[in-house]
Structures are given as structure tokens and as C-alpha cells.
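Asks:
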Amino acid sequence: MHELILSQYKTLKSENLHIDLTRGKPSSSQLDLSNALLSTAVEAFSADGADIRNYGEPLGITEARQLGSELLDSPIENTIAAEQSSLLLSFQLLLANYLYGMNGRPWKEIENPKFICPTPGFDRHFKMLEEFGIQMLPVSLVGDGVDLVELADILDKHTDIVGIISVPRHSNPSGDIYSDNNLLKIFELCSNYSKDLVFLFDHAYLIHDLSSAPQQSSTWSLAEQANVIDQTAILTSFSKVTFGGGGLSFFAGGESTLALIKKIRASMIICPDKVNQLRHVTFFQNKENVINHMKKHAALIQPKFELTISILDQMPQECGNFSNPTGGYFITYKTTKPIATKVIDICKQAGVLITPAGATFPYGLDPDDSIIRLAPTFVEAEELEKAMQVFSTAVQIAHFDLEV
Ligand SMILES: Cc1ncc(COP(=O)(O)O)c(C=O)c1O
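The opening position of the sequence shown corresponds to residue 5 in the numbering used here, with each subsequent residue numbered one higher.
Put into C-alpha cells, the structure is as follows:
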């Protein structure tokens, strides 16, 4: 059996492959779904008379805020429609907390501010926090949110925890959908710890469901129920709905987080791109059409997830296990042995690029060297199949310690 794996790997390597599975990007056929946006003509004025060609409307045009509020289930007064990046909004919120703080206690004045980071998580979140000198405290994801015992323990052991950042639906990369109960418990534990602790929800995959995705109460409604709206910020964007880097982003926050984001944005951007906002609103009209549009994305993505899972299914179970997500952009493979770095290197030697081992952990440190993030959406099926064959042989080569 081992000879067969080695010979499969050698054959694949001789094909001179160049396949990139590193980032969760939409494929070009997904982008084609929004091509009408490229030629959508817009009026010069929004419905309530704002001149979209000029400065003004720093919180976004009313109809874009309305769409954001429908998606996030937040009141329109608490919702901002911004420019094309929700990551930028996250950064702005962190910066505002760093400079001003929620209740007059800026993080820059705290000697060692800390953030709770559910892991595995999004490398760019960790990079941002590191840049602010915020110490990251990992807490494990367990399928339906964070490990609550671990969370309680962390809160018990540490002072100066100023926030928690999470992706509550189709988490990147584990695919976790936080249960309502898990979110309510997080709210309870963390708000008992501090009324200044920021709940930063990056809902990047809010509407990115595959066919079997379960329902989830809106994060806004749960935060309201837990009486923590003031400390809460919820973000999403159209980066994987229309165009990467060419969509819209939305922010919903309670009194304190909203005031902070408004304040920081007032000093860095006069107003968002209202032309693109009106173009998107003209294209979509309402939430229902956005959801229908996402079903078309799902129809293109689902076969790729199924193909990836079918190849992972054929691998010996002793090598590891994997997530079978109901949406989002990633599949996580967890090796049984501490060999993630080695697997990724073996893949690279055969021309298949995978997100570096450790990237999904704070400071790039996966304590078990076992988590591998697979991003199956960008490449077309034929290449994906090849890449997954390489991955399958690479895992087995590393697991059985074979000589390549
Ligand atoms: C969890 C998460 N947040 C944010 C982003 C980026 O979003 P945006 O393009 O809106 O900045 C991504 C993109 O991969 C992501 O996975």
C-alpha cells in the first residue's frame, strides 16, 4: 500500500502542477453572477435626495443602510453602510478602542490588553491584533462555538481582557456555526467579566450557506436578549456576494461601539463610495434577492465541497479527521500526528500551495501542528481533484513516515 501511495505522489509530481488552494476566493464563474453590476446605471440622487456624486452621508445612503439592517437584523439607526471592506471596519473599531476606549479607557493606556481568539481562526484577525500589541488568548472551537469551560477558565485567570473576535457563522476555517446557547453563554461570561469587553462579530459568511445549513438566531437579537448590545459590533460584507474588494460592507453596533466607529471614521474618511452603494442597491433591491443570489453561489460551490469531502473520505481514518461544513469557504483537516507543516511542504514540492501551517492560530503557532486549511472554491473542479489527490498522498506520506 505504501509503494502505491509513493508512486501516485511521484506521478502527480511529474505533472508539474501549479495549483493554489491558499485563499478562500470566489471562482470566476461566481464573479460572473454579478456581471450585471458592471453595467448597472444609477441615478445621481438617492431615494431621499442625497447627491451620491458628492461628499456627504458618512453613514451611507439610506437604502444601503436599510439593506444592511435587514441582513444584520439591526435597527437602521444602528447600522452603517460603508465602503468595500469589513476588515477595514474591524480595524477601525480596534483603532478607536485603542485611541479612545469605550468608556474613556483607551487600550493604549492598558499595560497588557488581551483578546480572546477562538481557534482555529482567521489569520488577518490575528495580524491586526498583533499590530496593536494586544495579547491573544486562544480558546478552542468545538463545532457549535467556543469551549465554554476553557473560556471561563481564561476569564478567571487573566486581567485586562478587552475583547473577543469571532466569526459566528461558517467560521473561517473550522465551519463552526455558533449555537444560540453558546453565544448567550459567551455574552453572559464575558459581560460579567467586564462591561467594557468588546464583542466583535465578523459575520463574513452570514449568508454563505450550502444546501443543508442550519438556522441560527441573529447575533443582534441574541446580543439584545443578553443585554450586551452596547458592547457589541457586528460586521459583514458583499466581498463574497458580488466582487472581492468591490462590494459593500456593513456595521451594526450598540450605542458605545457605534459612537466609536463614527468617531474614528470621521477623522479618516469623509464618506463611503455612494455610487457603488446605489449600484448594489439597484442590483439587489432587497434581502430576498440577495439570498437568492447566494443560492446561485451555493450551486457553484457545493460540488467543489462534495468533491473535496469525497477524496478526504477515502483517506485512511487513522491519518486524521475533517470538517464537513454547511457553508463558508473552507474545510479544515486535522492530522492525528503533528505533521501539518510536513504535509504542506510535501504538497508544495508537488506544486500544490496550501495555507501555511499555523496560520490559523495566533502568532502562527499551532500547538499540535495539526490543523490544515483547505480552500476549495477558487480553482475549477479538475484542478481541485488533482490538488486533493496530492493532498491525500502527502498526508499519508507524512503520517506513515515514508521517504519521498
Ligand atoms: C472571516 C473573514 N473576515 C473578513 C474577510 C474579509 O472581508 P472583507 O473583504 O469584507 O474585508 C474574510 C475574507 O476572507 C474572512 O474570511
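Beta carbons: idealized from backbone N, C-alpha and C, even for Gly.
#1: By Cβ distance below 6 Å, which residues in the same chain neighbour GLY362 in space, the five residues on each side in sequence not counted?
#2: Using only alpha-carbon positions, find the residue among LEU16, ILE9, HIS22 and LEU10 that is nearest to ILE358.
#3: Rounded C-beta distance between VAL347 and ALA398? I'm assuming under 8 Å.
#4: Count the other CB atoms, across all protein chains shown, that sit within 10 Å of the CB of HIS6; report buried if there are 16 or more and exposed otherwise.
#5: Under three-state DSSP, which class holds LYS338?
#6: If we count the other Cβ atoms within 10 Å of its Cβ and call it buried at 16 or more, is ALA379 buried or exposed?
#7: If you draw a straight line from the alpha carbon of SER1 to that of ALA354, how long is it in whole angstroms?
#8: In whole angstroms, what separates the C-alpha of ALA217 from that of GLY331?
#9: Kindly examine ligand 1 and report whether one of its heavy atoms sits closer than 8 Å to the Cβ of GLN96.
#10: Does PRO371 come out as helix, strand or coil in the three-state DSSP assignment?
#11: With distances taken Cα to Cα, identify the nearest neighbour of ILE80 among GLY28, ASP148, GLY147 and GLY258.
#12: Put ILE138 into one of helix, strand or coil per three-state DSSP.
#13: Any heavy atom of ligand 1 within a distance shorter than 8 Å of the CB on VAL150?
#14: Among the residues of its own chain, which have a CB less than 8 Å from the CB of LEU75, if the five just before and after it don't count?
#15: Would you say VAL171 touches ligand 1, meaning its beta carbon is less than 8 Å from a heavy atom?
#16: First and last residue of the beta strand (DSSP E) that includes VAL202?
#17: Would you call the region 129 to 149 in contact with the region 100 to 119, where contact means no fewer than 3 C-beta pairs closer than 8 Å?
#18: According to DSSP, is PHE242 helix, strand or coil?
#19: Candidates VAL150, THR246 and PRO124: which alpha carbon is nearest ASN185's?
#20: Any contact between the region 232 to 239 and the region 89 to 104? By contact I mean 3 or more CB pairs, one from each, below 8 Å.
Replies: Let me spell this out:
#1: GLY368, LEU369 and ASP370, listed in sequence order.
#2: Checked all of LEU16, ILE9, HIS22 and LEU10; the closest Cα to ILE358 is HIS22.
#3: 5 Å
#4: exposed
#5: strand
#6: buried
#7: Because the chain spans 5 through 408 in this model, residue 1 falls outside it and cannot be assessed.
#8: 7 Å
#9: no
#10: coil
#11: GLY258
#12: coil
#13: No, the beta carbon of VAL150 sits no closer than 8 Å to any heavy atom of ligand 1.
#14: LEU210, ILE211, THR240, PHE254, LYS291 and VAL294
#15: Yes, Cβ of VAL171 sits closer than 8 Å to a heavy atom of ligand 1.
#16: 202 to 206
#17: yes
#18: coil
#19: VAL150
#20: yes
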